[in-house]
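Just so we're aligned: 121 in our numbering is position 39 of the sequence shown, and the numbers increase by one with no gaps anywhere. All remarks here apply to the structure that follows.
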Amino acid sequence: MAVRRVTPTSAVSARLVDTWLAGHASANTRSAYRTDLAMFGRWCAQHHSVPLAADTATLAAFGLARQAAGDSDATMRRRWSSLSSFFQYAVHTGNAASNPVDGVDRPVELSGNPSRTTLLSADAVDACLAMAALLDPRLEALVAMLVRDGIKLGEALAIDVDDISGRPPRTSVTIRRNGKTRRVTLDESTARALRRCAGRRTDQPLFISDHRARTRTPQRLSRFGADHLLRQLRYDNDERVTANELRRFYITSQHQSGAALDDLRDDAGLSDTRGITRFVAKHQPSPASSATPTAAATPIEPPAINVRSNPRRRRTPT
83 MAVRRVTPTS AVSARLVDTW LAGHASANTR SAYRTDLAMF GRWCAQHHSV
133 PLAADTATLA AFGLARQAAG DSDATMRRRW SSLSSFFQYA VHTGNAASNP
183 VDGVDRPVEL SGNPSRTTLL SADAVDACLA MAALLDPRLE ALVAMLVRDG
233 IKLGEALAID VDDISGRPPR TSVTIRRNGK TRRVTLDEST ARALRRCAGR
283 RTDQPLFISD HRARTRTPQR LSRFGADHLL RQLRYDNDER VTANELRRFY
333 ITSQHQSGAA LDDLRDDAGL SDTRGITRFV AKHQPSPASS ATPTAAATPI
383 EPPAINVRSN PRRRRTPT
């Protein structure tokens, strides 16, 4: 497949990228789109191509490279959405003649578009909660917020100790979502986990990295650090537990308890109900979904923690 050859120093105008991203309200969307475009830019540099001069053949070659690297259909749909949005903006501003993504064959969504995220069983989640409590108070608090309150991992990591108000059973936390703050009333068990994580601290980030800066100032736990913590939880077949799997359990269990899709959409912080519909669509659980998680150091007789009956937590905008 032919790829257009040009000077390797060619690059997308940073100003064009910044103005394009500024048109997207969601910080998460801006971050994901910037990452996708940067990846495409690096690939173009390696293949001596100019991003803005890319044609459909170039985009198709990039897509094949990403598929070979292991990108899922869902990831590729997002990458194509990112690139298509950028090229449409470039055409609108006179920086490109056409949108080459229009000629690319994109992955087709299945009927009903069920999520490919593993659907965890209640027993598996109970075991995850028990094991997290034994391994690390930060891991316990993170898992609790994901499966009991549906808070996004990024939102949880942005919480400061002084964002927590009240004592169990009436405890709430301030989260930052789409440029706004809102109060979330926490599950009683989650509240206790957060208090254990905070300890005697009255300020600082709730989740602190094990690594301190040269100034010895506590550093906020990064997404990479959080993923490292979550990787301590694994299934018998060595499958790792992910934040998406844990949050999917919250969404599906609340839906099974009778929560309306619009309420779940609001709880999950999504712009529409399509994401919720994908999560609650009929899904054939993989063998791992009902397995019991294990950790690198398997704890003895972890206590049972029941999360089957978990009433929805109300979020109040501020």
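No residue lacks a Cβ here, since even glycine has one placed at the ideal position from N, Cα and C.
Close Cβ partners of residue i (< 8 Å) along its chain, the five nearest in sequence each way excluded
i	result
D285	D242, V243 and D244
A114	R160 and S164
G236	N110 and R305
S166	N181, V183 and D184
A280	V243, I246 and L288
For residue j and residue i, believed in contact at Cβ under 8 Å, the rounded distance
i	j	result
D118	S164	4 Å
I290	L303	6 Å
With 16 other Cβ atoms within 10 Å as the buried cut-off, status of residue i
i	result
V99	buried
A209	buried
L328	buried
L146	exposed
T334	buried
D344	exposed
K262	exposed
R259	buried
G152	exposed
V255	buried
R330	buried
V232	Checking the sequence, you will find Gly at residue 232 rather than Val. When all chains shown are included, G232 counts as buried.
T200	buried
T175	exposed
A104	exposed
A378	Confidence is the limiting factor: at A378 the pLDDT is only 44, short of 50, which leaves the residue's position unreliable and the question unanswerable from this model.
D349	buried
T253	buried
R249	exposed
S212	Ser is not the amino acid found at residue 212; the sequence shown has Ala there. Counting Cβ neighbours within 10 Å, A212 comes out buried, since at least 16 surround it.
A273	buried
A150	exposed
A120	exposed
R81	Residue 81 is absent from the structure shown; the chain starts at 83 and stops at 400.
R298	exposed
Residues near residue i by beta carbon distance below 6 Å, same chain, minus five either side
i	result
S372	Since pLDDT at S372 reaches only 45, below the 50 mark, its modelled position is unreliable, and no value is offered.
A223	A275, L276 and C279
G307	S291
A136	P182
W125	F144
Contact test: residue i Cβ vs the ligand ADP heavy atom, cutoff 7 Å
i	result
D155	This structure lacks the ligand ADP, and indeed carries no ligand of any kind.
Chain-order list of residues whose beta-carbon lies under 7 Å from that of residue i (same chain, five-residue window excluded)
i	result
L346	I333, Q336, H337 and I358
L169	Before going further, note that residue 169 is Phe rather than Leu in the sequence given. Here the set comprises A178, N181, P182 and V183.
T324	L312
W102	F168 and Y171
R97	none
R112	L103 and H106
P189	D155, M158 and R159
Meets three-Cβ-pair contact criterion under 8 Å: the region 302–314 and the region 217–234: Counting Cβ pairs under 8 Å, three or more are found: they touch.
Should the region 221–232 be called in touch with the region 260–270, which here means at least 3 C-beta pairs below 8 Å? Enough Cβ pairs lie closer than 8 Å, so yes.
Counting only runs that start and end within the region 88–132, where is the alpha helix (DSSP H) found for 4 or more residues in a row? List check, alpha helix (DSSP H) in window: 96–104 and 109–128.
Quick one: which unbroken alpha helix (DSSP H) runs of 4-plus residues sit fully inside the region 202–284? Chain order, please. Taking only runs of at least 4 residues, the alpha helix (DSSP H) segments lying wholly in the region 202–284 are 204–217, 219–230, 235–239 and 270–280.
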